[in-house]
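Below: the structure, in structure tokens.
In this note's numbering, the protein residues as written are 549 to 762.
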């Protein structure tokens, strides 16, 4: 509904929270569809006209366009595209496309490894050249000192490397069912738990009042 001149605009905080929920739902949606398609692999294969298709390949066929639609929907609703979902989309299209084309699930299983390593390398490379990319992305939400941003960058870089190694260990040493379950039900809770534990660091490095943005 359009606002009249006498109606104040919604508070920015509510707008930010609303867009955050939308982004979370749009990021979870493709994963849930991937999980459902994998567990219904036979039916999906029949629907695609490939009854002998592996469940992981069938799930990937559904996952790739779902990711594309998710990012497009996110842009249409929020009028912005976050860097991480965009990079993830590119890798899903590339590695998912290779998985489908070569009928080899290795590529889609390695995608999280490559994605996490890219994030780690970008953060550490930026730090080397004096650029704190986390600050550029999240400075409107967190008013903390450069020391705080530096420590957050180091921690998130280590975390991304850890997640890359964890993904490699799981897909190479456990069943495909376990890897799919971890991809859907393990990655996000671990990431959220890590993010929550970083709040103590944020509280320990507040930006002085006179330096906070208006």
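By construction, the Cβ of each residue, glycine as well, lies at the ideal position given by its N, Cα and C atoms.
Please read all numbers here as calculations on a predicted model, not as lab measurements.
Distance between residue 594 and residue 713, taken at the CA atoms: about 35 Å. Counting every other CB atom within 10 Å of its CB across the protein chains shown gives residue 659 a total of 16 or more, marking it as buried.
Here residue 676 is exposed. Its C-beta has fewer than 16 other C-beta atoms within 10 Å. Ranked by Cα distance from residue 755, the first of 746, 692, 716 is 692.
Here residue 599 carries a coil assignment [DSSP, helix/strand/coil]. Take residue 609, set aside five residues on each side of it, and the residues of its chain with a beta-carbon closer than 7 Å to its own are 596, 648, in chain order. C-alpha of residue 575 to C-alpha of residue 752: approximately 30 Å in a straight line. Nearest neighbour of residue 642 by Cα position, chosen from 615, 623, 709, 592, turns out to be 615. Only residues of its own chain outside the window of five on either side were considered, and among them 680, 682, 683 have a CB closer than 7 Å to the CB of residue 697, listed in chain order. In this structure, the CA atom of residue 635 is about 14 Å from the CA atom of residue 628.
By the Cβ-count criterion, residue 656 is buried, with 16 or more other Cβ atoms from all chains shown falling within 10 Å of its own Cβ.
Under the three-state reduction of DSSP output, residue 578 falls in the helix class.
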